[in-house]
Amino acid sequence: MKLLLVEDEKRMAQALCEILRLEKYEVDWRADGVSGMNAVESGIYDLIVLDVMLPGKSGFEIARQARRLGIKTPILMLTAKSEVDDKVTGLDSGADDYLTKPFMTKELLARLRALGRRVLPSADGSLTFGDISLDTNTVSLRCSTNGQSVRLSEKEYHILEYLIANQGQVLTREQLAVRIWGFESDAEYNNVEVYMSFTRRKLAFVGAKTEIKAIRGIGYELRCGDV
Ligand code: CA
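Per this note's numbering, residue 36 is the first one in the sequence shown, and the count goes up by one each step.
See the structure below:
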């Protein structure tokens, strides 16, 4: 699960990054409101942890702007104890949950798991769409109508995971490139197309009715043949 942390206190941020990575979150860290907003706008994250007091742009502003832009990613807001009204303002601005600093790591992780469950539809953590499901443990794709399954490469898995988590939405090639290869990578859009064709082959291999539809000039969307 890809998580964005926007927090300007360096030591706190570094500690959080370390803890979250141990919990298998893929973490990107931004230390100010403006670069935080840019990262939020990329739309590639499954979860966002947002500090309120940030240089450049506050956590409230970021959450508000994100919701205005139609970004539905769950947001956990970190508020300082002294900022009494922050909880209310935070939730009003579009955050899904809040945590008062200082907090216990255990509590942060529990809240994140709860928010994460909104992203991953089924209780056991498997991702399903139409007649396909992804198994996180075996990194494989399964077709429910005929019981066929196949191992996926890491990138194929991430592509399907991202498409399923954003079902009903068209993902741009840019979003896919950044999500799969990261901001710093110089992955070309061609890479996305190449991996899309690999992934489609896997879908065909298991005989899935679910397919990756290319939306000309925009990107890709998951569709199920039955629908
Ligand atoms: Ca701060």
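Cβ atoms here follow ideal geometry from the backbone N, Cα and C, with glycine treated the same way.
For this session: Kindly indicate which three-state DSSP category lysine 263 falls into: helix, strand or coil?
Result: Lying outside 36 to 262, the shown extent of the chain, residue 263 is not represented and no answer is given.
For this session: Can you tell me which of the three DSSP states serine 168 falls into?
Result: strand
Exercise. Listed by chain order, which residues have C-beta atoms less than 6 Å from any heavy atom of ligand 1?
Worked result: Asp43, Glu44, Asp86, Met88 and Leu89
For this session: Please report the residue range of the beta strand (DSSP E) in which arginine 258 lies.
Result: 254-259
Exercise. Helix or strand or just coil, what does DSSP make of arginine 186?
Worked result: Here arginine 186 sits in strand by DSSP.
Exercise. Are the CB atoms of alanine 48 and leucine 40 nearer to each other than 8 Å?
Worked result: yes
Problem set entry | Where phenylalanine 95 falls, given that 16 or more other Cβ within 10 Å makes a residue buried | Phenylalanine 95 is buried by the Cβ-count criterion.
Problem set entry | Three or more C-beta pairs below 8 Å linking the region 206-215 and the region 142-155 | Flag = no, the region 206-215 and the region 142-155 do not touch.
Exercise. In this structure, does DSSP put valine 205 in helix, strand or coil?
Worked result: coil
Problem set entry | Residues bridged to tyrosine 192 (per DSSP) | According to DSSP, tyrosine 192 bridges with nothing at all.
Exercise. Got a sec? Which residues, its chain only, sit under 7 Å from threonine 124 by beta carbon, not counting five neighbours each side?
Worked result: Phe95
Problem set entry | Contiguous beta strand (DSSP E) assignments of at least 3 residues, all confined to the region 52-100 | 61-65 and 82-86
For this session: Assuming leucine 162 and glutamate 189 form a contact by the criterion Cβ under 8 Å, report the distance between their Cβ atoms to the nearest whole angstrom.
Result: With a Cβ gap of about 15 Å, leucine 162 and glutamate 189 do not count as contacting.
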